[in-house]
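These notes concern the structure reproduced below.
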């Protein structure tokens, strides 16, 4: 649910996660903090109230009016803006926005990768194309590298976003070694 709010600044972050059991919203993006080009004018703020749901559940099936009312109520309840300051809103429903990671995820992904490898002129990019929870920077990088591939370069898009440090996937020993302070050797 995107809301245009008649306030120049709501919060300094690009997004905040909401963990309150009283709220249904899971994350709030502040689009203006990504770029001032994403608001109708600089005296306004546009936020995205993200409701995590599945096709067919109560949130998905709610009318646009019901969702706008819910988002407006929650933004006020959370203390970020007054309902009277919400000037406009729109609803975008995105099915299958997140890949499902289960025990067989890696095996299922390998089947997809093996099948797609047959097609020399096909590049898969982004979250849905790669069945991977990439962030925006990774998704954009796969698109960029796919374009470079079409121009004759050879980039393995499946190698984007595999950094263990990015995912904070460390063994106990690796994590403990990262926690030790680095002490510079004395000079002379």
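Numbering (our numbering), first residue to last: 185 to 372. Cβ coordinates follow ideal geometry from the N, Cα and C atoms, glycine included.
- Answer yes or no: do residue 190 and residue 217 have a C-beta to C-beta separation smaller than 8 angstroms? In the chain shown, residue 190 corresponds to position 6, counting from 1. In the chain shown, residue 217 corresponds to position 33, counting from 1. No.
- Message: Classify residue 322: buried if its beta carbon has 16 or more other beta carbons within 10 angstroms, exposed otherwise.
- Response: Within the chain shown, the letter at position 138 stands for residue 322. So residue 322 ends up on the buried side.
- Task: Determine the DSSP secondary structure at residue 213, reduced to helix, strand or coil.
- Result: What you label residue 213 is simply residue 29 of the chain shown in a count that begins at 1. Here residue 213 sits in strand by DSSP.
- Query: Mind checking residue 349: buried by the 16 CB within 10 Å criterion, or exposed?
  - Reply: As a first step, residue 349 is located in the chain shown; it is residue number 165 there, counting from the start. Its pLDDT being 48, under 50, residue 349 is placed unreliably by the model, and the measurement read from it follows with that caveat. Classification of residue 349: exposed, given that the 10 Å Cβ count is below 16.
- Message: To the nearest angstrom, how far is the alpha carbon of residue 335 from that of residue 310?
- Response: Numbered from its first residue, the chain shown carries residue 335 at position 151. Numbered from its first residue, the chain shown carries residue 310 at position 126. For residue 335 and residue 310, the distance between alpha carbons rounds to 19 angstroms.
- Item | Residue from 204, 233, 292 and 308 whose Cα sits closest to the Cα of residue 270 | Translated into positions along the chain shown, residue 270 becomes position 86. Looking at the Cα atoms, 233 is the closest of the given residues.
- Query: With distances taken from CA atoms, which of 241, 275, 266 and 325 is nearest residue 249?
  - Reply: Numbered from its first residue, the chain shown carries residue 249 at position 65. The candidate whose alpha carbon is nearest that of residue 249 is 275.
- Message: Measuring alpha carbon to alpha carbon, tell me which residue in 221, 230 and 225 is nearest residue 213.
- Response: Working through the chain shown from its first residue, we reach residue 213 at position 29. Measuring from the Cα of residue 213, the nearest candidate turns out to be 230.
- Query: What residue range is occupied by the uninterrupted beta strand (DSSP E) comprising residue 248?
  - Reply: Counted from its first residue, the chain shown places residue 248 at position 64. From DSSP, residue 248 is part of no beta strand (DSSP E) but of the alpha helix (DSSP H) over 248-261.
- Message: Measuring alpha carbon to alpha carbon, tell me which residue in 345, 279, 268 and 203 is nearest residue 245.
- Response: For the purposes of this step, residue 245 is taken as the residue at position 61 of the chain shown. Measuring from the Cα of residue 245, the nearest candidate turns out to be 279.
- Task: Confirm, please, whether the CB-CB distance from residue 272 to residue 188 is below 8 angstroms.
- Result: For the purposes of this step, residue 188 is taken as residue 4 along the chain shown, with counting starting at 1. For the purposes of this step, residue 272 is taken as residue 88 along the chain shown, with counting starting at 1. Yes.
- Task: With DSSP as the reference, label residue 226 as helix, strand or coil.
- Result: Residue 226 sits at position 42 when you count from the first residue of the chain shown. In the structure shown, residue 226 sits in coil (DSSP, three-state: anything other than H, G, I, E or B).
- Task: Let me know the secondary structure DSSP gives residue 336 once reduced to three states.
- Result: Taking the chain shown and counting its residues from 1, one reaches residue 336 at position 152. In this structure, residue 336 counts as coil in the three-state DSSP scheme.
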